[in-house]
Amino acid sequence: MRIPFSPPRMDEKIINEVVDTLKSGWITTGPKTKLFEKKITDFCGHKASLCTSSGSAGLELMLRWFGVKEGDEVIIPAYTYAATANVVVHCGAKPVMADIDDSFNINPQELSKLINPKTKVIIPVDIAGKPCNYDEINKLVRKKEIQTHFVAENKNQEKLNRILILSDAAHSLGAKYKQKRTGTLTDITVFSFHAVKNLTTAEGGAICLNLPDTFDNEEVYKELNIKSLHGQTKDAFSKTKAGNWQYDIIEAGYKYNMTDIAASMGLVELDRYENDMLIKRKHIFHRYAEKLKNHKWAIIPEYKNEIFESSYHVFTLRIKDFEEEERNILIQKMQEKEISVNVHFIPLPLMSFYASLGFRIEDYPNAYAMFKNEISLPVYYDLNDKQIDFLLTHLIDSVEEILEKC
Ligand SMILES: *Cc1c(COP(=O)(O)O)cnc(C)c1O
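Heads up, the sequence shown is in this note's numbering, so the first residue is 91 and it goes up one at a time.
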């Protein structure tokens, strides 16, 4: 029984919507992208959304919008996918890594000692779909002793007058924190719609604007729309309207727009996201948790309590007492049965590029402790109970076999 890790759900409905776009005469950014943006805004409840070509593009566009540059610092967790850090490097700024807590997310307690007058942005990451502790993070950057040290160097920084919280919610569309959805939990939230994410457009992303009232979020949307399209004052779709050929370039912008082909997949996916996709994912989490909870070696990720509910993106199981070696043997044993599992994530200090910048894993002991015995189990729409049970039987047998040898 071959079990892949996270194949996309591509059915007739998606195919028909994509074909509709292909036949419509408009395939790049146009009516479907604009409709998808509106539906994302309605679903999450923030102020405005801009769709982008990827989550990474969305994160980078926001750092550029906030004027992050050489000499600035951006705080990120040591435990995340490289995209979170790479976009900081692209801007010429310095990524500063914080250790994580026992939920895999950035530890708010670590932040205050890393903040200094160079700090412009914090990028918390909702690992595996669990929202970070946004109350603490939002409160921290508004603390008087921290806010007074913020050095505003441009118009947007002056308007915010504190550190920007840019949430990397690549995993957490639809997750809730204190009854509110991701998108509304902080200043800016960025989703990813990459092929392995909960909601996919093959490649894509969305920026959710939820800036405080010193900003006109609609105006920021317009500004970003131009910035994401080479600084051109009219997009290609508006230019097709009769007599509308003239345009200006007001800055050296980027090419980060979403296509209508991608948006058509997103429209179908979002339509059935909450009442179909999330329910299925929750069922899978629940089945894993129920069948593993009696094994005392299983450290089961928390996915719902009175404060938050996950988006059920990846099931981050940990095996008590396993070191990296045992975990790697376990992965190998699963692969021998054609069951795909994964590790989310290899901490950034273990990546040669970030090691070359001087980051050392010894400085992030909890990131290492969470990584060394983590194994991500597959969660996707078409995964059925029979496959889950087959996977679990093999997982339990393999873990017990390895533990006997220890
Ligand atoms: C997938 C991912 C991203 C980047 O998303 P893309 O759409 O692939 O650019 C960013 N951060 C995290 C944590 C991710 O897992």
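Note that CB positions come from ideal geometry on N, CA and C, so glycine has one too.
Expected contact under 8 Å - CB spacing of residue i and residue j to nearest Å
i	j	result
Val231	Thr174	That pair is no contact at about 18 Å.
Lys208	Glu163	4 Å
Gly333	Cys298	No, Gly333 and Cys298 are not in contact; Cβ-Cβ is about 35 Å, not under 8 Å.
Ile486	His385	7 Å
Glu200	Asp192	At roughly 13 Å, the Cβ-Cβ gap does not stay under 8 Å, so Glu200 and Asp192 are not in contact.
Asp258	Val280	6 Å
Gly135	Arg271	6 Å
Thr170	Phe435	6 Å
C-alpha gap between residue i and residue j, whole angstroms
i	j	result
Gly356	Glu491	43 Å
Tyr56	Ala353	Not covered by the structure: residue 56. The range shown for the chain is 91 to 496.
Ala265	Ile217	11 Å
Met152	Ser202	23 Å
Phe412	Thr323	56 Å
Cys222	Lys383	24 Å
Lys462	Ile374	24 Å
Ala172	Thr118	28 Å
Asp507	Ala292	Because residue 507 is not part of the residues shown, which for the chain are 91 to 496, the question remains open.
Val158	Ala183	7 Å
Tyr224	Leu275	7 Å
Asn300	Asn307	7 Å
Gly448	Phe327	46 Å
Thr304	Gln237	16 Å
Leu204	Ile196	12 Å
Ala388	Ile409	5 Å
Val433	Arg417	10 Å
Leu440	Ala168	10 Å
Gly115	Asp325	16 Å
Phe194	Tyr363	25 Å
Lys113	Ile165	45 Å
Lys234	Val310	27 Å
Lys220	His284	18 Å
Leu314	Phe156	11 Å
Val178	Ser446	16 Å
Glu160	Glu243	12 Å
His395	Gln269	Note that residue 395 is Asn in the sequence shown, not His. Cα to Cα, Asn395 sits roughly 11 Å from Gln269.
Environment of residue i [buried if 16+ CB atoms lie within 10 Å]
i	result
Lys137	buried
Arg450	exposed
Pro185	buried
Pro437	buried
Asn365	exposed
Met187	buried
Thr111	buried
Glu359	buried
Glu226	exposed
Ser442	exposed
Lys495	exposed
Met460	buried
Val109	exposed
Pro198	buried
Met91	exposed
Glu102	exposed
Lys128	exposed
Ile105	exposed
Ile369	exposed
Lys476	exposed
Same chain, Cβ closer than 8 Å to residue i, neighbours up to 5 away in sequence not counted
i	result
Ser430	Ile93, Pro94, Phe95, Met424 and Pro468
Tyr378	Ile390, Phe405, Leu407, Leu467, Ile478 and Leu482
Ser318	Leu140, Thr142, Ala147, Leu151, Gly343, Tyr344, Lys345, Tyr346 and Asn347
Pro97	Tyr470 and Asp472
Pro302	Leu250 and Asp277
Residues near residue i in its chain [Cβ-Cβ closer than 6 Å; skip 5 each side]
i	result
Leu256	Met152, Val211, Ile213 and Ile278
Ser488	Leu420 and Lys423
Asn288	Leu263, Ser401 and His403
Arg99	Tyr471
Tyr498	One cannot answer for residue 498 here, as it falls past the ends of the chain, which runs 91 to 496.
Lys245	none
Ala296	Ile130, Ser139, Cys141 and Phe281
Gly294	Phe283, Met348 and Ala352
Val241	Pro207
Thr123	Cys141, Met348, Asp350 and Ala353
Any non-hydrogen atom of ligand 2 within 8 Å of residue i CB
i	result
Ile351	As for ligand 2, it is missing from this structure, which binds only ligand 1.
Contacts around residue i, its chain only, beta-carbon distance under 7 Å, and the 5 residues preceding and following it disregarded
i	result
Lys427	His484
Tyr444	Ala175 and Leu438
Ile340	Ile316, Gly321 and Thr323
His180	Glu150
Gly120	Phe327 and Asp350
Any C-beta of chain E under 9 Å from that of residue i
i	result
Ala173	Note that chain E does not occur in the displayed structure, where there is just one protein chain.
- [ ] Ignoring anything shorter than 4 residues or poking outside the region 375-430, list the alpha helix (DSSP H) runs there in chain order.
- [x] 414-426
- [ ] Only counting runs of 3 or more residues, tell me where the beta strand (DSSP E) segments fall wholly within the region 293-325, in order along the chain.
- [x] 295-299
Open item on the list: Please give the ranges of any beta strand (DSSP E) in the region 231-293, keeping only runs that are unbroken, at least 3 residues long and fully inside the region.
Closed with: The beta strand (DSSP E) runs of length 3 or more contained entirely in the region 231-293 are, from start to end of the chain, 254-258 and 278-282.
Task: Ranges of the beta strand (DSSP E) found wholly within the region 145-231, counting only runs of at least 3 - done: Within the region 145-231, the runs of beta strand (DSSP E) at least 3 residues long that lie entirely inside it are, in chain order, 163-167, 184-188 and 209-212.
Task: Whole runs of the alpha helix (DSSP H) within the region 119-147, excluding any shorter than 4 residues - done: Qualifying alpha helix (DSSP H) stretches, in chain order: 121-134.
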